[in-house]
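These notes concern the structure reproduced below.
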């Protein structure tokens, strides 16, 4: 399912979206789905969008979140705490569509 979300996004990250930041904890159970998403899908997403900034920020004890920055500096955040890999993919797809 997460792979499907990544395929649907494809190379379309740079339209209205300017930057993605993913904040997560290296060890917490609440960040497990985010870590798995990054391990399994980051390379595919980055290869499809080589010039698009996708920032991964690890910090001990932090609640996982996806931050999307759009045109004109507008930002949205989506909490990713305790989400599965597939749910993280859906959250990313929602952010790309601007419906976070």
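In the numbering used here, the protein residues as written are 4 to 103.
Backbone N, C-alpha and C fix where the C-beta goes; we use that ideal spot for every residue, glycine too.
message: Do residue 80 and residue 29 have their beta-carbon atoms positioned less than 8 Å apart in this structure?
response: Residue mapping note: residue 29 aligns to position 26 of the chain shown, counting from 1. Residue mapping note: residue 80 aligns to position 77 of the chain shown, counting from 1. Not closer than 8 Å, so no.
- prompt: How should residue 88 be labelled, buried or exposed, when 16 other C-beta atoms within 10 angstroms of its C-beta is the threshold for buried?
  reply: Taking the chain shown and counting its residues from 1, one reaches residue 88 at position 85. With 16 or more other CB atoms across the displayed protein chains lying within 10 angstroms of its CB, residue 88 is buried.
task: Give me whichever residues DSSP pairs with residue 80 in a beta bridge.
output: As a first step, residue 80 is located in the chain shown; it is residue number 77 there, counting from the start. Bridge partners of residue 80: 70.
query: Considering only C-alpha positions, which residue in the set 18, 37, 20 is nearest to residue 27?
result: For this step, residue 27 is matched to residue 24 along the chain shown. Proximity to residue 27 across 18, 37, 20 peaks at 37, based on C-alpha coordinates.
message: Quick check on the burial criterion: 16 or more other C-beta atoms within 10 angstroms. Buried or exposed for residue 59?
response: For the purposes of this step, residue 59 is taken as residue 56 along the chain shown, with counting starting at 1. With fewer than 16 other Cβ atoms within 10 Å, it is exposed.
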